[in-house]
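Quick note on numbering: my numbering labels position 288 of the sequence shown as 362, and the sequence is numbered without any gaps. Note that the Cβ used here is the ideal one computed from N, Cα and C, for glycine as well. Source: prediction; values computed, not measured. Here the structure comes first, spelled out in structure tokens, and everything after it is commentary.
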Amino acid sequence: MKNKFFTNELVHFANIVPAAQISQAERKERLIRMSDLMKVSSNPHIRAKSSTSSIMLAVVIALLPAAGFGIYNFGMNALILILVTVLSTVLTEYIFEKILGKKITIGDYSAVVTGLLLALNLPPSAPWWIGVIGGIFAILVVKMLFGGLGQNFMNPALGARCFLLISYTSIMTDFNCDAYTGATPLAELKSGKAVDVLSMVIGKTSGTIGETSMIAIVIGACILIMLGIIDLRIPGSYIITFVIFIVLFGGHGLDAAYISVHLAGGGLMLGAFFMATDYVTRPVTIKGQYVYGIVLGILTGIFRIFGASAEGVSYAIIIGNLLVPLIERATFPTAFGKGGAKA
75 MKNKFFTNEL
85 VHFANIVPAA
95 QISQAERKER
105 LIRMSDLMKV
115 SSNPHIRAKS
125 STSSIMLAVV
135 IALLPAAGFG
145 IYNFGMNALI
155 LILVTVLSTV
165 LTEYIFEKIL
175 GKKITIGDYS
185 AVVTGLLLAL
195 NLPPSAPWWI
205 GVIGGIFAIL
215 VVKMLFGGLG
225 QNFMNPALGA
235 RCFLLISYTS
245 IMTDFNCDAY
255 TGATPLAELK
265 SGKAVDVLSM
275 VIGKTSGTIG
285 ETSMIAIVIG
295 ACILIMLGII
305 DLRIPGSYII
315 TFVIFIVLFG
325 GHGLDAAYIS
335 VHLAGGGLML
345 GAFFMATDYV
355 TRPVTIKGQY
365 VYGIVLGILT
375 GIFRIFGASA
385 EGVSYAIIIG
395 NLLVPLIERA
405 TFPTAFGKGG
415 AKA
């Protein structure tokens, strides 16, 4: 939309330059460029070189080490779950937009990221239809019904996981598979049993498909940090707050082995670097991101130490997502000239 007044002023400005010094074609081109500066569009007005598709593709690449190790660790069923879940999220978004005549957005890879994150949060022994139901819920209910990418109030993958945990508790908490039997390391720790920390760091333990290998997750996180996709504000404040909480209330003090088990297990690293940092559901203010990380650390500590569950990361991030509007309101900077002391 162009304003007639501004256009006339631009014509006047362009005519200031003597005709002898500039050709008619150059004058016209300069006028068009200047007129384009007066175009008015909706917010946000901050622009970056990175596109949504390039950011999401980088996240997919960063998740490949965790996904690859999950397939290596748990076998063919893990691969099938990953493929089926990703396919369900992409098809759900495509079909929804096709039926409603909306622009097809599967090319931005956000549905792929949602499906991959959801699959990495599923038990390796889960049937394939769990991935389908979770994928449909993540895209249709959590994302598209609220307006699509950028409008969802919680992380779609975690929203779907919590839905599956409530609806299919026995399936979602069964981590027995061909490679491993028995409880997860965090469940064993909670019951007072000894846990092999090195196996947890490497990933040779039971758990969800993508949470077991701390090394693979950190490799992916380093990729995102080096590409400038994420920073350490949220993950750093999250992890540090959580460590302080379990030192104070875990009953083991500064026991390095106890702290290491908590950091390496229960999807903490996967959640801190790949889900808590979601652009849509995290605070936009810098102070808010630190507060958000602190809230997540405290909530995760409460769930793990005082709750019945040995995990707690998913619920902590979902609750944190719901608190983001309040966090942003409390940490949003005051506009210049407002809110200061009056004479």
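Please report the straight-line C-alpha distance between Gly367 and Leu306, rounded to a whole angstrom. Start at 1 with the first residue of the sequence shown, and residue 367 comes out as number 293. Start at 1 with the first residue of the sequence shown, and residue 306 comes out as number 232. Those two C-alpha atoms are separated by around 10 angstroms.
Give the secondary structure of Thr179 by DSSP, where H, G and I count as helix, E and B as strand, and everything else as coil. As a position in the sequence shown, residue 179 is number 105, starting the count at 1. Of the three classes helix, strand and coil, the one that applies to Thr179 here is coil, per DSSP.
Alpha-carbon to alpha-carbon, Ile320 and Ala330: One-based indexing of the sequence shown puts residue 330 at position 256. One-based indexing of the sequence shown puts residue 320 at position 246. Approximately 11 angstroms, taken between the alpha carbons.
Status (buried if at least 16 other CB within 10 Å, exposed otherwise) for Met150: On the sequence shown, residue 150 is found 76 positions in, with the first residue counted as 1. Flag for Met150 reads exposed.
Between the alpha carbons of Gly277 and Ser125, how many angstroms are there, rounded? Along the sequence shown, read from residue 1 onward, the residue named residue 277 stands at position 203. Along the sequence shown, read from residue 1 onward, the residue named residue 125 stands at position 51. Taking the straight line from one Cα to the other gives about 33 angstroms.
Gln225 versus Ala268 - alpha carbon distance: Within the sequence shown, the letter at position 151 stands for residue 225. Within the sequence shown, the letter at position 194 stands for residue 268. Going from the Cα of Gln225 to the Cα of Ala268 covers about 44 angstroms.
At a Cβ threshold of 7 angstroms, is Ala152 touching chain B? Going by chain labels, chain B is absent from the structure shown, which holds only one protein chain.
Roughly how many angstroms separate the alpha carbons of Leu161 and Gly189, rounded to a whole number? The count along the sequence shown starts at 1 and reaches residue 161 at position 87. The count along the sequence shown starts at 1 and reaches residue 189 at position 115. Taking the straight line joining both Cα atoms gives about 7 angstroms.
Report the rounded CA-to-CA distance for Met300 versus Leu397, giving the unit in angstroms. By 1-based counting over the sequence shown, the position of residue 300 is 226. By 1-based counting over the sequence shown, the position of residue 397 is 323. Roughly 29 angstroms between the two C-alpha positions.
Pull up the distance between the alpha-carbon of Leu153 and that of Ile145, whole angstroms please. What you label residue 153 is simply residue 79 of the sequence shown in a count that begins at 1. What you label residue 145 is simply residue 71 of the sequence shown in a count that begins at 1. Distance from the CA of Leu153 to the CA of Ile145, rounded to the nearest whole angstrom, comes to 6 angstroms.
For Arg378, which residues in the same chain have their Cβ closer than 6 angstroms to its Cβ, ignoring the five residues on either side in sequence? Counting from one through the sequence shown, the residue named residue 378 turns up at place 304. Answer for Arg378: Gly386, listed in chain order.
Tell me the rounded alpha-carbon separation between Ile283 and Leu155. Taking the sequence shown and counting its residues from 1, one reaches residue 283 at position 209. Taking the sequence shown and counting its residues from 1, one reaches residue 155 at position 81. Straight-line Cα distance between these residues: approximately 9 angstroms.
Between which two residues does the alpha helix (DSSP H) holding Val206 run? In the sequence shown, counting from the first residue as 1, residue 206 sits at position 132. Trp202 to Ile210 is the extent of the alpha helix (DSSP H) around Val206.
Among the residues of its own chain, which have a CB less than 8 angstroms from the CB of Leu239, if the five just before and after it don't count? Stepping through the sequence shown from its first residue, residue 239 is reached at position 165. Contacts found: Met246, Thr247 and Ser388.
Among Val164, Ile210, Ile213 and Ile313, which has the Cα closest to the Cα of Thr351? Counting from one through the sequence shown, the residue named residue 351 turns up at place 277. Measuring from the Cα of Thr351, the nearest candidate turns out to be Ile313.
Would the beta-carbon of Ile391 fall within 7 angstroms of that of Pro357? Start at 1 with the first residue of the sequence shown, and residue 391 comes out as number 317. Start at 1 with the first residue of the sequence shown, and residue 357 comes out as number 283. Their beta carbons are not under 7 angstroms apart, which means Ile391 does not touch Pro357 by this criterion.
Cβ-based neighbour list, Gly142, same chain, cut-off 8 angstroms, excluding 5 preceding and 5 following: Position 68 of the sequence shown, counted from the first residue, corresponds to residue 142. Hits under 8 angstroms: Ala290.
May I ask which residues mark the beginning and end of the alpha helix (DSSP H) holding Lys172? If you number the sequence shown from 1, residue 172 lands on position 98. Unbroken alpha helix (DSSP H) run through Lys172: Met150 to Ile173.
Own chain, CB closer than 8 angstroms to Leu214, minus 5 neighbours either side, in chain order: Sequence index remark: in the sequence shown, residue 214 carries index 140 (1-based). Around Leu214: Thr166 and Phe170.
Coarse secondary structure for Lys267, derived from DSSP in three states: Residue mapping note: residue 267 aligns to position 193 of the sequence shown, counting from 1. In this structure, Lys267 counts as coil in the three-state DSSP scheme.
Extent of the continuous alpha helix (DSSP H) run through Glu402: On the sequence shown, position 328 is the one that residue 402 refers to. Taken as a continuous stretch (DSSP letters only), the alpha helix (DSSP H) holding Glu402 covers Val387 to Thr405.
Quick one: Cα of Pro309 to Cα of Ala346, how far? Counting from one through the sequence shown, the residue named residue 309 turns up at place 235. Counting from one through the sequence shown, the residue named residue 346 turns up at place 272. Taking the straight line joining both Cα atoms gives about 5 angstroms.
How many angstroms separate the CA atom of Thr359 from the CA atom of Val369? Residue mapping note: residue 359 aligns to position 285 of the sequence shown, counting from 1. Residue mapping note: residue 369 aligns to position 295 of the sequence shown, counting from 1. Between Thr359 and Val369, the C-alpha separation is close to 15 angstroms.
How should Thr159 be labelled, buried or exposed, when 16 other C-beta atoms within 10 angstroms of its C-beta is the threshold for buried? The sequence position of residue 159 within the sequence shown is 85, counting from 1. Buried.
Which residues in the same chain as Phe406 place their Cβ atom closer than 8 angstroms to its Cβ, once the five residues preceding and following it in sequence are excluded? For the purposes of this step, residue 406 is taken as residue 332 along the sequence shown, with counting starting at 1. If we look at Phe406 and ignore the five residues flanking it on each side, its Cβ neighbours are Thr359 and Gly362.
On the criterion of 16 or more Cβ atoms from any shown chain inside 10 Å, does Met343 qualify as buried, or is it exposed? Numbered from its first residue, the sequence shown carries residue 343 at position 269. Buried.
Looking only at its chain, what residues have a beta carbon closer than 6 angstroms to the beta carbon of Val133, apart from the 5 residues adjacent to it on each side? The residue you call residue 133 lines up with position 59 of the sequence shown. Contacts found: Val187.
DSSP-derived helix/strand/coil call for Ala338: As a position in the sequence shown, residue 338 is number 264, starting the count at 1. Helix at Ala338.
Would you mind giving the Cβ-Cβ distance between Ile204 and Leu196, rounded to the nearest angstrom? I have them listed as a contact below 8 angstroms. Along the sequence shown, read from residue 1 onward, the residue named residue 204 stands at position 130. Along the sequence shown, read from residue 1 onward, the residue named residue 196 stands at position 122. Contact holds; Cβ gap of about 6 angstroms.
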